[in-house]
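Asker: If you scroll down you'll find the structure; I have some questions about it.
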């Protein structure tokens, strides 16, 4: 399948339909499920499409929506634990017929990607983690976490706008409006609340030290959603992991200097890397 095409398929897991897609040709690179995604709506966004297509040069990119979000079964609630997230990822890989792959875990998707690598060392070639963290409790003080959960619980419209300010600080007013609408279409208020609660409850500290796959951790210095120090902490917990600091404040990898993330990822995976021109891929360490 060409990188320009996307066909959504469905895996069955615990009585729920899990939407997944594959683009490109070559060794598989699996993007771990995160927060609120939507395979169809994501693919309509030029920035996201360019980012995913860049990763898909010479590779098959597999993505999926977590149950309760996006194009997956909306009658179910999202996973509430990392073990439940792992079971969803395992079901997607089984449906796709993938026995071995590299993984790309971004944001809250880093937890399930690293857990899969720890539990299934023979099934993982390489692991790339971007903008992620080890413990959800470190993301913000308890009062701030409780306040955001309360806003999402009471008014998902306002909550989605607050999250937009965190995730896309340099977005225009129109782009923020589009993202707010995207979040509200990607998840119901109940699913969004459950997903955010899991983000804060997630704790990967017990398994990060068990990851044996070659690992690269990428993090933007000015990321407002997940502090730079938390990314370095993840790298410190994984044996022999590499850490590359990047310029920028956008949390989503497809915003800002997305090409730098594509280049660093492809270089680490051993894929051909396009010249970066005059723009540096990474800030000095």
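Numbering (full-length UniProt numbering), first residue to last: 1 to 285.
Where a beta carbon is used, it is the ideal one built from N, C-alpha and C, also for glycine.
Since this is a predicted model, take the numbers as computed values, not measurements.
#1: Within the chosen definition, does the stretch 26 to 33 reach the stretch 238 to 249 through at least 3 CB pairs nearer than 8 Å?
#2: Name the two residues that bound the continuous alpha helix (DSSP H) containing residue 158.
#3: For residue 13, collect the residues of the same chain with a Cβ closer than 6 Å to its Cβ; drop the 5 residues on either side in sequence, then sort them by chain order.
#4: Where do the ends of the beta strand (DSSP E) carrying residue 125 lie?
#5: Go through its chain and collect everything with a Cβ distance to residue 64's Cβ below 7 Å, but skip five positions before and after it.
#6: So, helix, strand or coil for residue 93, using DSSP?
#7: In angstroms with no decimal places, state the Cα-to-Cα distance between residue 204 and residue 114.
#8: How about the stretch 181 to 189 and the stretch 91 to 111: do they share at least three Cβ pairs that are nearer than 8 Å?
#9: Determine, using beta carbons only, whether residue 54 and residue 220 come nearer to each other than 9 Å.
#10: Which two residues bound the contiguous alpha helix (DSSP H) that contains residue 189?
#11: So, using beta-carbon positions, are residue 8 and residue 39 closer together than 9 Å?
#12: Would you mind working out which of 128, 175, 78 and 195 sits nearest residue 145, comparing C-alpha positions?
#13: Below 9 Å between beta carbons: does that hold for residue 105 and residue 187?
#14: For residue 130 and residue 253, which I take to be in contact (beta-carbon distance under 8 Å), what is that distance rounded to the nearest angstrom?
#15: Counting pairs of beta carbons, one from the stretch 227 to 236 and one from the stretch 132 to 146, are three or more of them closer than 8 Å?
#16: Just to confirm before moving on: does the CB-CB distance between residue 43 and residue 52 stay below 9 Å?
#17: Pull the bridge partners of residue 133 from the DSSP assignment, please.
#18: Return helix, strand or coil for residue 111, following the three-state DSSP convention.
#19: For residue 48, which residues in the same chain have their Cβ closer than 7 Å to its Cβ, ignoring the five residues on either side in sequence?
Answerer: On the basis of the coordinates in this document:
#1: no
#2: 156 to 167
#3: 88 and 91
#4: 124 to 130
#5: 18, 19, 20, 33 and 92
#6: helix
#7: 8 Å
#8: no
#9: no
#10: 189 to 201
#11: yes
#12: 195
#13: no
#14: 5 Å
#15: yes
#16: yes
#17: DSSP, once it has assigned bridges, lists no residue as partnering residue 133.
#18: helix
#19: 42 and 254
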